[in-house]
Structure formats: C-alpha cells, structure tokens
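Quick note, my numbering runs 12 ahead of the 1-based positions in the sequence shown.
Cβ atoms here follow ideal geometry from the backbone N, Cα and C, with glycine treated the same way.
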Amino acid sequence: MIKKPDTNVDFVSIEHKVLDFWTKEKIFEKRRQLNQGKPKWSFIDGPITANNPMGVHHAWGRTLKDIFNRYKAMKGFELRYQQGFDCQGLWVEVEVEKELGFKSKKDIEEYGIERFVNKCKERVKKFSKIQTEQSKRLGYWMDWENSYFTMSDENNFTIWSFLKKLFENGKIYKGSDVVPWSGRSGTSYSQMEIIEGRKLVSHKAVFVRFPIVDKENEYILVWTTTPWTLTSNVIAAVNANINYVKVKASDGSIYYFAEENLNFKRLEKQFKEKKQWIDGVPKLKTIAQIFNERGGFEVLETIKGSELVGLKYIGPYDHLDAQNEIGGYPFKDEKLKKKNITSSTQHQVIDPGKDNIGNDIVVAGEGTGIVHMAPGCGDIDSKIGKKLGFVSIAPLDKESKFTEKFGWLAGKSATDKKNNSIDIK
C-alpha cells in the first residue's frame, strides 16, 4: 500500500537539518579529501559587490555555479573552491556617500579621501560577512576561509605590476576617448554599472532643422534625445541607400528626411504594451501629424540618401566659441589644426556606412533618418569622427556642466531637470 505523502512539509526545517548534518559530519571537507591529488579543475567565482545583502539574482547565479562545482567534484576533479568579493567601484562608494549624506565628489574631498576609502573598506567587510552567511544558507560549497578580495594589496600590486610592464613595452599612451560619465560622482561608469542600472526614463527630445548652404529656405531635419549634444554637432549622417522625401511645409519651408519616418509611429509598441512606460507620457506624434498641426505639408519628391551626401549646412550653435576652435575643443587634433579646420567648417552630410558587425549606422524608423553626430559626445560618433578625420568638441566638465567656451550655457548642468530649456539659433 502506497502511503499518502505528507503535504505539510517544512522545507526550511529540512534545509537547516541538511546544513547542520554537513557541518557536523564535515561533508565538504571529506569531499575535498576524496579528490585530493586528482586532476585539477579551476573555477574562480566572479565576485559580487559586497555593498549590500545579496539579492535574488545573486542567489540564482550562485546556485547555478554550485551545480558546476558539484558535477566536477563528482567526476573526480580536485577543485579550488575559491570565491571572491568585489570591493571597488561606484556600487560601494555611492552607498557610503548615502550613509554620510554626501551629494558630490567635493564632499568626499572635504571629508578626506583616505577616511572615505577606509569607510568603504568597513562597509565591504561588513557585507562580505553577511553575504558569506547567506551563501552558506543556500548550501553553496566554497572554501570560505580563503575568499579573495579585490581591494587586497596583493591584487592591487599585481595590477600595478601589469601596468608597469605594459608601459615598459610601449602599450600605454595618452589619448582622448568618449566614455559614459557620472557628473554627480565625477568619474566614468563601467559597462556593468550601465547595464545593471539601465531603465526607461522620460526626457525631452527635439526636432531641429539645419539650414542647407546655398539652398534658400531648405533644411535637413534631425531628431535627438540628447539636445545638449547639439552644441557640439560636427556632421549629419544619412544612409545613401534609403529613400528620403523632400517636403514643403505650409510656410514654404522645405525639409528633407527619411520617407519611412513621415508616418512612422515612434515607440508605438512600447506605448501599446505599457511595458515600463512612464505614467503621464503621451503617445508620440508622427512627423506627418506634427506638420498637419502646423497647416499641412506637400511631398515634392522622393530621392535617395546618396543625393544628400556632400551637402553643407549651418549648425544651430555655430556662434559659440567652441564651434570655432581650430582643431577641436578642448582636445585638439594637430593635423586638423595645421589645416585651420574648425567644426563649423566641417558641417556636411555624410554616409558613415556600417558598424563593425555589418549593420547600417543610420536607419529609418525612430527619428528622421538623418542623425546629428557629435564626435566629442558619443562612442559611435567618436569612432566615425576619428576614422573620417572630423574634429571633436567635448562640451562638459567633470560635473557635467558646460565649459567656458559655450557662451550662455557655461556653468549650466546638462543633466539638471530644473534647467531643461534650450536656445537654438
């Protein structure tokens, strides 16, 4: 006769009994002894940041990693069983800033960098102990007395030694690049910090018309979600192979933009599904709707993007000193400087082609099919600028404020929501 299983199972109690049994009978130690001297299999647990108690995602990852260790142990391999803690970076520093009530990098400097670093170390030590106990509670088998810490002298000295060798071999040089930056913390972001902190936000995007040189009342139409970068515009990019329309507005102005974008419903899918959609943000209008609200429009002709390539235009901020700095600003390209080249003299329409994996850099759909590019403000823009020989204008300082050669914008924050007005001439 089959006994009916008891449905009132206390899983937590069972887990504790198993953990107590493992500890009392030294099961982990015996497992290691059985495989001592056998073929080695090295697994280094990628460290989680010891800045708070573990989250569910950490538990999930550690459970999966534990499966690999147990499988290899059962196959007869000798394992290192070493796990670690990430001790450095903004994850820890921002939490300590919150504890101390700091709002900026200046607060840290006034407090004292060494004192602040020690505070960060204290937090790491506190939460590494908490995370260790949480991991044990999960049943994660590791050599907990031999965990590694990225803040250790051994690790830092090894990194400095590695950098020294790179320097001696001529592998380190001084240059300029575009990186994700935190104006609040005054430092760059890592890719992991960007990915884990990614979320949908609401902010202003703008349509801007660039007057075409020697074509009275004709404009290329661009759209950008980062209006502050318009101050540093150098080039405009199209796709030579897609169709563009020449549209006449009710006031007689003529605009060029991608044909597909005329009736393209921007973010339509996200609006319908309401996934992560921000409350209060209205459905976005098509370009056709915007023109119709202003008296209507007429499509004069359809052309290929290749016919736009080479057109010269006037930028919206060409009156700023930064736009007229020879060779770029604040980092100058000496070759361009010798040729007396400025950003405003390089304004033209180009086709940047494809990226490293073969995708078109400019596509129709979101926007207008004409991309405003600022080599001093974006990663892709920077790569294209360096490849094709365009100047670079970087407008912001360490606090994400406009620098002195940006006229009325100097000292204003590019990220301050209270100061989100723009003035385009």
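Test item: CB-CB of residue i and residue j under 7 Å
i           : j           : result
residue 99  : residue 163 : yes
residue 413 : residue 401 : no
residue 243 : residue 384 : no
residue 270 : residue 381 : yes
residue 142 : residue 65  : yes
residue 312 : residue 227 : no
residue 117 : residue 198 : yes
residue 91  : residue 53  : yes
residue 389 : residue 241 : yes
residue 405 : residue 329 : no
residue 250 : residue 317 : yes
residue 200 : residue 190 : no
residue 279 : residue 300 : no
Opening and closing residue of the alpha helix (DSSP H) in which residue i lies
i           : result
residue 144 : 125-150
residue 86  : 68-86
residue 27  : 23-36
residue 397 : 391-400
Beta-ladder partner(s) of residue i, from DSSP
i           : result
residue 261 : 309
residue 425 : 413
residue 270 : 256
residue 385 : 247
residue 45  : Looking at the DSSP assignment, residue 45 forms no beta bridge with any residue, so it has no partner.
residue 408 : 414
residue 60  : 97
residue 53  : 91
residue 161 : 97
Inter-residue spacing [alpha-carbon to alpha-carbon] between residue i and residue j
i           : j           : result
residue 88  : residue 47  : 6 Å
residue 94  : residue 386 : 46 Å
residue 375 : residue 160 : 47 Å
residue 297 : residue 351 : 44 Å
residue 315 : residue 357 : 26 Å
residue 57  : residue 146 : 16 Å
residue 195 : residue 205 : 15 Å
residue 418 : residue 339 : 16 Å
residue 144 : residue 128 : 24 Å
residue 39  : residue 25  : 19 Å
residue 43  : residue 85  : 8 Å
residue 305 : residue 214 : 24 Å
residue 428 : residue 411 : 11 Å
residue 173 : residue 96  : 21 Å
residue 333 : residue 168 : 43 Å
(request) Counting only runs of 4+ residues fully inside the region 177-251, write out the alpha helix (DSSP H) ranges in chain order. (result) Within the region 177-251, the complete alpha helix (DSSP H) segments at least 4 residues long are 203-208, listed from N- to C-terminus.
(request) Let me know the alpha helix (DSSP H) ranges lying completely inside the region 88-118, each 4 residues or longer, listed in chain order. (result) 102-112
(request) Would you mind listing the alpha helix (DSSP H) stretches within the region 302-381 that are 4+ residues and don't spill past its ends, in chain order? (result) 346-350 and 355-358
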